[in-house]
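Asker:
Chains as they are written, first to last, in the numbering used here: chain A, 1 to 315; chain B, 1001 to 1050.
1) Give the straight-line distance between the Cα atoms of residue 1044 (chain B) and residue 147 (chain A), rounded to the nearest whole angstrom.
2) For residue 174 (chain A), which option in A:155, A:264 and A:139 has the closest C-alpha, if you only look at C-alpha atoms?
3) In the structure shown, what three-state DSSP assignment does residue 107 (chain A) receive?
4) Output the distance between the C-alpha atoms of residue 243 (chain A) and residue 111 (chain A), rounded to the nearest integer angstrom.
5) With a cut-off of 7 Å, does the C-beta of residue 232 (chain A) fall near any C-beta of chain B?
6) Straight-line CA distance for residue 212 (chain A) to residue 228 (chain A)?
7) So with CB distances below 7 Å, who are the chain A contacts of residue 1040 (chain B)?
8) By Cβ distance, which residues of its chain are closer than 8 Å to residue 93 (chain A), with the 5 residues on each side in sequence left out?
9) Quick one: grab the DSSP three-state call for residue 322 (chain A).
10) Could you tell me if residue 258 (chain A) is buried or exposed, where buried requires 16 or more neighbouring beta carbons within 10 angstroms of its beta carbon?
11) Which residues, taken in chain order from the region 1003-1017 of chain B, show a beta carbon closer than 8 Å to some beta carbon of chain A?
12) Considering only residues of the same chain and omitting the five flanking positions on each side of residue 49 (chain A), which have a CB-CB separation below 6 Å?
13) List the whole-angstrom C-beta distance separating residue 293 (chain A) from residue 65 (chain A), where the pair is believed to meet the contact cut-off of C-beta under 8 Å.
14) Quick one: is residue 15 (chain A) buried, meaning 16 or more other Cβ sit within 10 Å of its Cβ, or exposed?
15) Of the residues A:195, A:72, A:59 and A:161, which one's Cα is nearest the Cα of residue 22 (chain A)?
16) Alpha carbon to alpha carbon, how far is residue 1008 (chain B) from residue 1016 (chain B)? Give it in angstroms, no decimals.
17) Can you tell which of A:167, A:25, A:278 and A:143 has its C-alpha closest to the C-alpha of residue 2 (chain A)?
18) Measure from the C-beta of residue 118 (chain A) to each C-beta in chain E and report whether the shortest distance is under 7 Å.
19) Under 9 Å between beta-carbons, which chain B residues line up against residue 249 (chain A)? List them in chain order, please.
20) Does any C-beta atom of chain B lie closer than 7 Å to the C-beta of residue 288 (chain A)?
21) Since residue 247 (chain A) sits in a beta bridge, which residues does DSSP pair it with?
22) Note the first and the last residue of the continuous beta strand (DSSP E) segment covering residue 191 (chain A).
23) Can you find at least 3 beta carbon pairs, one from the region 216-235 of chain A and one from the region 184-196 of chain A, that sit closer than 8 Å?
24) What are the boundary residues of the beta strand (DSSP E) that includes residue 122 (chain A)?
25) In whole angstroms, what is the alpha-carbon distance linking residue 161 (chain A) and residue 267 (chain A)?
26) Considering residue 27 (chain A), what are the terminal residues of the alpha helix (DSSP H) in which it resides?
27) Answer with buried or exposed for residue 1005 (chain B), where buried requires no fewer than 16 other C-beta atoms within 10 angstroms of its C-beta.
28) Hey, quick one: how far does the alpha helix (DSSP H) through residue 286 (chain A) stretch, first residue to last?
29) At 3 residues or longer, what runs of the beta strand (DSSP E) sit wholly inside the region 35-85 of chain A?
30) Roughly how many angstroms lie between the CA atoms of residue 1028 (chain B) and residue 1037 (chain B), to the nearest whole one?
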């Protein structure tokens, strides 16, 4: 049990027994290794379910939408930025929340680990810098830095941006990270090459919508892909429909996405759809000097008019 | 997303700016005609049902 887990349980028990919150949202051990699942704790004697390790990649802000009760939410850097976005978009009120911040050192990519192991992984343990995966007849230890999720290796907001409680010391933010090397590579392609690149990128998509469901931004009561009157986009595997879904979903996340990686993590076929949201993130940063979810005071890029907004593309 | 530059245009035209509308519409038409027929985002027609 990591010390963070112990602190989280202590905080959760205190908040629940004092009545400060009615529910704490955190993580518990999943039924298979490296797949921790969301956990809703309502009684102080249930806090023993809560855990914290390198497999808490799910974005818990997803579970706050339109809740009415007082909630304690466990939030790493990206979760806290999505909590801020939720508050700005009136999906939850700040007064309802006790944010239990967890300074984060990145989450492990279960695919990277699984690919480096010769068989099914049955047990996983970790120290501060290493992760050990064990199975039938093998045991492999990895440097944590080598098996981080791609978005975590590029993260520059590891500490929660808002918090009322803190489960551990603040960590040092990564400096000098080149966040957009992959986006630039796509930008430099010719239109023909880029069209082909996205064709290949999206070819395996089975339209399961796991990316949408895992995303804390995708809270619309009826998603545009589920509308049948009018039916904006076909339901099948047609490449044009697949493309429409991914491009439109990305645009709905413009200026809101925190690159938490929940979409890519949830994808059963391993599509890097973060490439789309990252392009929009890059544009927001370069054109509007905007990064999502950093402050409760600033208004989002799409919600604010400035006379000097770039408009050279309009004739 | 791989659409040719020149196929997508943005303009802001007031209902009072009829001449600007004509100019822009002509320019857009010419630019797109120069590119030729679009090949992307086209769904093949559904097969005839017997």
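The beta carbon of each residue, even a glycine, is placed where N, CA and C say it ideally should be.
None of these values were measured; they are calculated from a predicted model.
Answerer: Let me lay it out:
1) 43 Å
2) A:155
3) coil
4) 24 Å
5) no
6) 18 Å
7) 195
8) 87
9) Given a span of 1 to 315 for chain A in the structure shown, any question on residue 322 (chain A) remains unanswerable.
10) buried
11) 1003, 1004, 1005, 1009, 1010, 1011 and 1012
12) 28 and 39
13) With a Cβ gap of about 15 Å, residue 293 (chain A) and residue 65 (chain A) do not count as contacting.
14) buried
15) A:72
16) 23 Å
17) A:167
18) Absent from the structure: chain E. Protein chains present are A and B.
19) Ordered by position in chain B, no residue passes the 9 Å Cβ test against residue 249 (chain A), which lies about 13 Å from the chain.
20) no
21) According to DSSP, residue 247 (chain A) bridges with nothing at all.
22) Premise fails: residue 191 (chain A) lies in the alpha helix (DSSP H), 191-202, not in any beta strand (DSSP E).
23) no
24) 121-126
25) 27 Å
26) Run containing residue 27 (chain A): none in the alpha helix (DSSP H); it sits in the beta strand (DSSP E), 23-28.
27) exposed
28) 274-288
29) 37-41 and 71-75
30) 14 Å
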